[in-house]
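By the count of full-length UniProt numbering, the sequence shown reaches residue 203 at its end, each step adding exactly one. Heads up, the beta-carbon is just placed ideally off N, CA and C, and yes, glycines get one too. Here the structure is a predicted model, which is why all the values come from computation and not from measurement. Take a look at the structure below.
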Amino acid sequence: MTVKWITCWATDRAAFDLGQQAWAGLRGVPGFLGQCGGWSRRTAGVAQIFGFWSSRSSHEEFLNGTHDRLAAAQAGTFEEVRVRVLDQRLVIGSGLLAGLPAVSLLRLAHCHVRQGRAAHFIQTQAELWNPGMAGAPGMCGGVFAQNGESECLVLSGWRTADDHQLYLDERFGQRYEKAGLAADLDDVTGDLVDLDPTWTVIG
Numbered sequence: 001m002t003v004k005w006i007t008c009w010a011t012d013r014a015a016f017d018l019g020q021q022a023w024a025g026l027r028g029v030p031g032f033l034g035q036c037g038g039w040s041r042r043t044a045g046v047a048q049i050f051g052f053w054s055s056r057s058s059h060e061e062f063l064n065g066t067h068d069r070l071a072a073a074q075a076g077t078f079e080e081v082r083v084r085v086l087d088q089r090l091v092i093g094s095g096l097l098a099g100l101p102a103v104s105l106l107r108l109a110h111c112h113v114r115q116g117r118a119a120h121f122i123q124t125q126a127e128l129w130n131p132g133m134a135g136a137p138g139m140c141g142g143v144f145a146q147n148g149e150s151e152c153l154v155l156s157g158w159r160t161a162d163d164h165q166l167y168l169d170e171r172f173g174q175r176y177e178k179a180g181l182a183a184d185l186d187d188v189t190g191d192l193v194d195l196d197p198t199w200t201v202i203g
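As structure tokens, then:
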């Protein structure tokens, strides 16, 4: 699966929101699996959107086809956009798309991996972080995706913000100490996103 991560700096939230709903036109596009997103809790006016495709080739075919027609609905509603495309490496729990109907909060961690440490980081994700999240109350599913050797995205969906906070309070600290992230990562940044159900499209 291919994961497309879009960050937009909106100039008109109401107009952007209306335009985002026009992406319902993705439904039925070959290779499209789903899309979700919402507004950042950490930066005002920033929208975080995640699209899921069966492959990079199906996404590229979409870009060369119906993309511009759908994107026209949001023209003039944002001042900057950043797009990243990554490939799924691991599924967390039952997967984000499967759990999406119960999600109200998305948590993303954008990780820059040190040279030569990718294999260890992915192994730690599979053996330590993923089981810990999958067993946490209120965690609805997630995805671990990678672009090249150095860039990774950990995206998880939570039933409520309180469920995510409980995970941080009760599980995160112990796993952080065991993981040895300082040896694996040059940098990690994150965000919390309030999922807007009107932006959700299932293929």
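**Backbone secondary structure at Tyr60 - three-state DSSP** = Position 60 of the sequence shown, counting from 1, holds the residue named residue 60. The sequence shown places Glu at residue 60, rather than the Tyr named in the question. Helix.
**Asked** What is the DSSP secondary structure of Arg159, counted as helix, strand or coil?
**Response** Taking the sequence shown and counting its residues from 1, one reaches residue 159 at position 159. Looking at Arg159 - three-state DSSP - the assignment turns out to be coil, as it is neither helix nor strand.
**Prompt:** For Gly157, does the count of other Cβ atoms within 10 angstroms reach 16, so buried, or fall short, so exposed?
**Reply:** Here residue 157 refers to the residue found at position 157 when the sequence shown is read from its first residue. When all chains shown are included, Gly157 counts as buried.
**Prompt:** Since Arg42 contacts Leu192 with CB under 8 angstroms, what's their CB separation in whole angstroms?
**Reply:** Position 42 of the sequence shown, counted from the start, is the residue given in the question as residue 42. Position 192 of the sequence shown, counted from the start, is the residue given in the question as residue 192. Confirmed, Cβ separation roughly 6 angstroms.
**Asked** Roughly how many angstroms lie between the CA atoms of Pro131 and Tyr167, to the nearest whole one?
**Response** On the sequence shown, position 131 is the one that residue 131 refers to. On the sequence shown, position 167 is the one that residue 167 refers to. One C-alpha to the other measures close to 12 angstroms.
**Message:** Tell me which residue opens and which closes the alpha helix (DSSP H) that Leu185 is part of.
**Reply:** Working through the sequence shown from its first residue, we reach residue 185 at position 185. Here Leu185 belongs to no alpha helix (DSSP H); instead the beta strand (DSSP E) covers 185-195.
**Asked** Can the beta-carbon of Arg107 be found closer than 8 angstroms to that of Leu185?
**Response** Your numbering for residue 107 matches position 107 in the sequence shown. Your numbering for residue 185 matches position 185 in the sequence shown. It is not a contact, given that the beta carbons lie outside the stated cut-off.
**Prompt:** Whose C-alpha, out of Phe50, Phe16, Asp169, Phe32, is nearest the C-alpha of Val83?
**Reply:** Here residue 83 refers to the residue found at position 83 of the sequence shown. Measuring from the Cα of Val83, the nearest candidate turns out to be Phe50.
**Asked** Is Ala126 closer than 8 angstroms to Leu86 when the C-beta atoms are compared?
**Response** Counting from one through the sequence shown, the residue named residue 86 turns up at place 86. Counting from one through the sequence shown, the residue named residue 126 turns up at place 126. No.
**Item:** Continuous beta strand (DSSP E) stretch holding Gln35: start and end
**Value:** The residue labelled residue 35 in the question sits at position 35 within the sequence shown. From DSSP, the beta strand (DSSP E) with Gln35 extends over 32-40.
**Message:** How far does the beta strand (DSSP E) with Met139 in it extend, from its first residue to its last?
**Reply:** For the purposes of this step, residue 139 is identified with residue 139 of the sequence shown, where counting begins at 1. Per DSSP, Met139 belongs to the beta strand (DSSP E) from 139-147.
**Message:** Suppose contacts are defined by Cβ-Cβ distances below 8 angstroms. Is Gln35 in contact with Val154 by that definition?
**Reply:** For the purposes of this step, residue 35 is identified with residue 35 of the sequence shown, where counting begins at 1. For the purposes of this step, residue 154 is identified with residue 154 of the sequence shown, where counting begins at 1. Result no, Cβ atoms of Gln35 and Val154 do not sit closer than 8 angstroms.
**Prompt:** With DSSP run on the structure shown, which of helix, strand or coil describes Arg69?
**Reply:** Reading the sequence shown from its first residue, position 69 is the one you call residue 69. Arg69 falls in the helix class under three-state DSSP.
**Message:** At the level of alpha carbons, what is the spacing between Arg171 and Leu181?
**Reply:** Translated into positions along the sequence shown, residue 171 becomes position 171. Translated into positions along the sequence shown, residue 181 becomes position 181. C-alpha separation (whole angstroms): 16 angstroms.
**Asked** What is the DSSP secondary structure of Ala102, counted as helix, strand or coil?
**Response** Reading the sequence shown from its first residue, position 102 is the one you call residue 102. Here Ala102 sits in helix by DSSP.
**Item:** For Thr7, the first and last residue of its enclosing beta strand (DSSP E)
**Value:** Counted from its first residue, the sequence shown places residue 7 at position 7. Note, Thr7: beta strand (DSSP E), 2-10.
**Message:** For a test of the three-state rule: what should DSSP assign to Ala109, helix, strand or coil?
**Reply:** Taking the sequence shown and counting its residues from 1, one reaches residue 109 at position 109. Reduced to three states, the DSSP call for Ala109 is strand.
**Asked** Which residues bound the beta strand (DSSP E) around Asp17?
**Response** Residue numbering aside, residue 17 sits at position 17 when the sequence shown is read from its first letter. Counting along the chain, Asp17 falls outside any beta strand (DSSP E), though it belongs to the alpha helix (DSSP H) covering 13-21.
**Whole-number beta carbon distance between Leu128 and Arg175, since they are thought to touch under 8 angstroms** = Locating residue 175 in the sequence shown gives position 175, where the first residue counts as 1. Locating residue 128 in the sequence shown gives position 128, where the first residue counts as 1. With a Cβ gap of about 6 angstroms, Arg175 and Leu128 count as contacting.
**Request:** Identify every residue that forms a DSSP beta bridge with Arg82.
**Result:** In the sequence shown, the residue the question calls residue 82 occupies position 82. Beta-bridge pairing links Arg82 to Thr7.
**Met133 versus Met139 - alpha carbon distance** = The count along the sequence shown starts at 1 and reaches residue 133 at position 133. The count along the sequence shown starts at 1 and reaches residue 139 at position 139. Spanning the two alpha carbons is a distance of roughly 7 angstroms.
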